[in-house]
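This note's numbering numbers the first residue of the sequence shown as 32 and each following residue consecutively.
Glycine residues also receive a C-beta, built at the ideal position from the N, C-alpha and C atoms.
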Amino acid sequence: MLVCLALLPSLLPFLWNQFLGLIITVIGTFIFCIIYIKIRNLMKNLYFNSPDFLEQKNNITSTIKEFNDIAEYAKSIPNNNCFKAKKVIGEHIHLASFENTSRYNYRRDRNIRTYNNDKVYPASLYIVKRSSEEPIKYLCKYFDIEASEESLKQLEEISENISRIENTLGNLKNRLENIKNNVQVPKYIIKYYEQDLIQHLEVNVPDINIEYTRYVFEYVSNSGNSSQRTTITFNNETVEAVCQYLLEQIQYNKSIQAQRSLMTNRLRNYIKERDNYTCQICGASTKEQSLLLLEIDHIIPISKGGLSTRDNLQTLCWKCNRSKSNKIL
Numbered sequence: 032m033l034v035c036l037a038l039l040p041s042l043l044p045f046l047w048n049q050f051l052g053l054i055i056t057v058i059g060t061f062i063f064c065i066i067y068i069k070i071r072n073l074m075k076n077l078y079f080n081s082p083d084f085l086e087q088k089n090n091i092t093s094t095i096k097e098f099n100d101i102a103e104y105a106k107s108i109p110n111n112n113c114f115k116a117k118k119v120i121g122e123h124i125h126l127a128s129f130e131n132t133s134r135y136n137y138r139r140d141r142n143i144r145t146y147n148n149d150k151v152y153p154a155s156l157y158i159v160k161r162s163s164e165e166p167i168k169y170l171c172k173y174f175d176i177e178a179s180e181e182s183l184k185q186l187e188e189i190s191e192n193i194s195r196i197e198n199t200l201g202n203l204k205n206r207l208e209n210i211k212n213n214v215q216v217p218k219y220i221i222k223y224y225e226q227d228l229i230q231h232l233e234v235n236v237p238d239i240n241i242e243y244t245r246y247v248f249e250y251v252s253n254s255g256n257s258s259q260r261t262t263i264t265f266n267n268e269t270v271e272a273v274c275q276y277l278l279e280q281i282q283y284n285k286s287i288q289a290q291r292s293l294m295t296n297r298l299r300n301y302i303k304e305r306d307n308y309t310c311q312i313c314g315a316s317t318k319e320q321s322l323l324l325l326e327i328d329h330i331i332p333i334s335k336g337g338l339s340t341r342d343n344l345q346t347l348c349w350k351c352n353r354s355k356s357n358k359i360l
C-alpha cells in the first residue's frame, strides 16, 4: 500500500496524458463527424441540382405522374370497412354510470370491462374461449351479422373495398421500387437520403394504412383481476368466410347460392386471367404495361341489382373503372 502511494506522484503525469488523449480523440471524432455530415449534405444538394439528376427525372416524368394519379385514386377508396349492424352493442350505455364502491382497500378494477365500444363484446369466459374455436359463428351471432340478402350485399361491398385498397397499395409499392431502380444515383444517396430522393423526384407516396376492423370478445372477472380476449380481424379472408357461413344459414335456391359464393379473390384472379389481363374498355394490357393496375367491375352494379356472376364481371384498368363508377355501359 505504501509502495503504491509512493509511486502515485510519478503516475499522475502519465494518467493525465492518457485522459487528455482520450478527450482529444472524442472531440476530434465529433468534429470529424460534423464535417463529414456537412460535406455529405453539400454533395447531396449539389447532386439533386445537377444536370444528370434533372435529366433522369425528366425522362421518367410520365411514370411519376402515373404513380401520383394512382396515389390520389387510393385516397378515394373507402378504408373504413366495418359491418354496420342493425343492433349496436352498448348503444344506451351513456344513460347510466358505473362505480365500484368496494371498501377495505380491495384491489379491484385492475382490468375494466369495455362497454362503450360496439366492436367489443363483454362476454363470459366460456364465450371468449368458444369464439377462439369458432370465430365466424360467434362473430355473426354476437355482433348481429344476420343471415340476409342485405348482409351479403354489405359484406360483398366491404370485400370489394378491401381488395381494391390492397391491390392498389401493392401496385404503388411495386411502382415505387421500379422508379428507384430506374434512377441511377450514387450509393450514398440511396443509403442516407432515400426519402429526399423520393421528394426531389416529386413522387407523392400516400400515407395510407389499411384499416381492418377488429372485433373483440372480452372477459373481465367481477374482481377485475383476470381478463381474456379473443380478437377477430375483419380482413378479406374473414369476410369471405362470413359470407360462406351466412350462405349455409340461408335457404337459397342453388343458382343464387352459387352466384353469391363465387365473389372471392380466387374469382377475381380468374376473371383477370379470362380477360387476358386486359381492360375491357380501353384495351390496356399488362403485356404492354407490366405494372398496370387492374380491377374487377360489375357490369351491372350491385346497387342496381347486379350479381357476382362470371357473366356480370369484367376486368377494367383503374382509370376506366373510376370513370364507369356505377354506370351501366
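Problem set entry | Backbone secondary structure at I263 - three-state DSSP | Under the three-state reduction of DSSP, I263 is assigned to strand.
For this session: Return the residue from the list D328, Q230, V247 that minimises the CA-CA distance to I95.
Result: Here the closest residue by C-alpha is Q230.
Exercise. Any chance the stretch 83-92 sits against the stretch 209-217, with 3 or more Cβ pairs inside 8 Å?
Worked result: Verdict: yes, contact present.
For this session: Could you tell me the distance, in whole angstroms, from the CA atom of C64 to the CA atom of S81?
Result: Each residue's CA atom was taken as its position, placing C64 and S81 some 25 Å apart.
Exercise. If you check the beta carbons only, do I158 and F114 fall under 9 Å apart?
Worked result: Between I158 and F114, the C-beta spacing is not below 9 Å.
For this session: Within the stretch 70-102, note down every full alpha helix (DSSP H) run reaching 4 residues or more, in order along the chain.
Result: Complete alpha helix (DSSP H) runs here, min 4: 82-90.
Problem set entry | Closest Cα partner of N352 within the set I331, L73, A178 | For the residues I331, L73, A178, the minimum Cα distance to N352 belongs to I331.
Exercise. When you compare only the Cα positions, how much space is there between L325 and T199?
Worked result: Rounded to the nearest angstrom, the gap between the Cα atoms of L325 and T199 is 9 Å.
Problem set entry | Beta-carbon contacts of I263 that lie in its chain and below 6 Å, excluding the five residues immediately before and after | Short of 6 Å from the beta carbon of I263, and not among the five residues preceding or following it, lie these beta carbons of its own chain, in chain order: P166, L170, Y246.
For this session: May I ask you to verify whether the stretch 237-253 touches the stretch 190-206, counting CB pairs closer than 8 Å and requiring at least 3?
Result: In this structure the stretch 237-253 lies against the stretch 190-206, because at least three pairs of beta carbons, one per stretch, are closer than 8 Å.
For this session: State yes or no: is the C-beta of T346 within less than 9 Å of the C-beta of C310?
Result: Their beta carbons are under 9 Å apart, which means T346 touches C310 by this criterion.
Problem set entry | N- and C-terminal bounds of the alpha helix (DSSP H) containing R195 | Element bounds for R195: 180-213.
Problem set entry | Through-space distance from L203 to E103, alpha-carbon basis | Across the structure, E103 and L203 are spaced so that their CA atoms are roughly 11 Å apart.
Problem set entry | Neighbourhood of K106 by C-beta distance below 8 Å, restricted to the same chain and skipping five residues each side | Taken in chain order, the residues that qualify are P237, I239.
Exercise. Short check: CB of V234 to CB of L207, under 9 Å?
Worked result: Yes.
For this session: Could you tell me which residues DSSP pairs with S316 in its beta bridges?
Result: Per DSSP, T309.
Exercise. Alpha carbon to alpha carbon, how far is Y67 from I91?
Worked result: Going from the Cα of Y67 to the Cα of I91 covers about 32 Å.
Exercise. Would you call the CB atoms of L338 and D328 closer than 9 Å?
Worked result: Using a Cβ distance threshold of 9 Å, L338 and D328 do not count as a contacting pair.
Problem set entry | Best match in C313, R297, N357 for proximity to R341 [C-alpha to C-alpha] | Nearest option by C-alpha distance: R297.
Exercise. Taking the alpha helix (DSSP H) that C113 falls in, what are its first and last residues?
Worked result: First-last for C113: undefined, no H or E at that position.
For this session: Using the Cα positions of S179 and F265, report the straight-line distance between them to the nearest angstrom.
Result: S179 and F265 have their C-alpha atoms roughly 19 Å apart.
Exercise. Closest by CA to N110, which one among L322, S190, P153, K303?
Worked result: Looking at the Cα atoms, S190 is the closest of the given residues.
Problem set entry | Residues of its chain near E164, where Cβ-Cβ distance is below 7 Å and the 5 sequence neighbours each way are ignored | For E164, where only same-chain residues beyond five positions count, there are no Cβ hits under 7 Å.
Exercise. So is E225 buried or exposed if we call it buried at 16+ other beta carbons inside 10 Å?
Worked result: By the neighbour-count rule (16 or more Cβ atoms within 10 Å), E225 is not buried but exposed.
Problem set entry | Distance cut-off 8 Å: V247 Cβ against heavy atoms of the ligand MG | No copy of the ligand MG appears in this structure; indeed no ligand is present at all.
Exercise. How should N93 be labelled, buried or exposed, when 16 other C-beta atoms within 10 angstroms of its C-beta is the threshold for buried?
Worked result: For the record, residue 93 in the displayed sequence is Ser; it is not Asn. With fewer than 16 other Cβ atoms from the protein chains shown falling within 10 Å of its own Cβ, S93 counts as exposed.
Exercise. Would you report the Cα separation of N284 and I210, rounded to the nearest angstrom?
Worked result: Annotation note: pLDDT 46 at N284 (below 50); position unreliable, no value reported.
Exercise. Are there 16 or more other CB atoms within 10 angstroms of the CB of R299, so buried, or fewer, so exposed?
Worked result: When all chains shown are included, R299 counts as buried.
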